[in-house]
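No gaps in the numbering here: position 5 of the sequence shown is 91 in the numbering used here, and each next residue is one more.
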Amino acid sequence: MLFLAPPSDPSAEDSYPEAPPSPRQRGSGPGRRRASGPSSGGRSGANPATAVRMTRGARRSATDFGISDADVASVLASPARVTAEEDNPDRTRFSGGGLTVVTGADGTVLHVSRRRRS
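Rendered as structure tokens:
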């Protein structure tokens, strides 16, 4: 069985708005809340120009080592050495200023640490 929709009434088309509906923000669906604040790793009030995208683990590691976003951003902006990781070539290791920063292919910081002194 096949059901066909009735032909549209030309006067009914005038009742639709001219502008298309705005697209929904990603992650704004029902049941999903985005927490912000110090306990969730959110940076409310952070300067977007100096904010660095990091995973939770990288952010925790940076906090534990006392490394600021500005320190990480300076290593990413002008590293002393750049190498691909041996185990995973999609990850890049930036070194400079006594720091080592590992990023993913999309630029997200995956790991931050102080360089070992040898």
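Beta carbons: idealized from backbone N, C-alpha and C, even for Gly.
- A191 places its beta carbon 9 Å or farther from that of R201.
- Here the alpha carbons of A137 and F89 stand approximately 55 Å from one another.
- Closest option to I153, judged by alpha-carbon separation, among D173, A91, G183, N174: G183.
- Of S181, N174, V187, the smallest CA-CA separation from M140 is found for V187.
- Exclusion of the five residues before and after V168 leaves F180 as the residues of its chain whose Cβ lies within less than 6 Å of its Cβ.
- A distance of 9 Å or more separates the beta carbons of L185 and D150.
- Its chain contains T141, A144, R177, V188, T189, G190 as the residues whose beta carbon lies nearer than 7 Å to that of L196, once the 5 sequence neighbours on both sides are disregarded; these appear in chain order.
- In the structure shown, V138 falls within a coil segment according to DSSP collapsed to helix, strand and coil.
- When only Cα atoms are considered, S160 and P175 end up about 23 Å apart.
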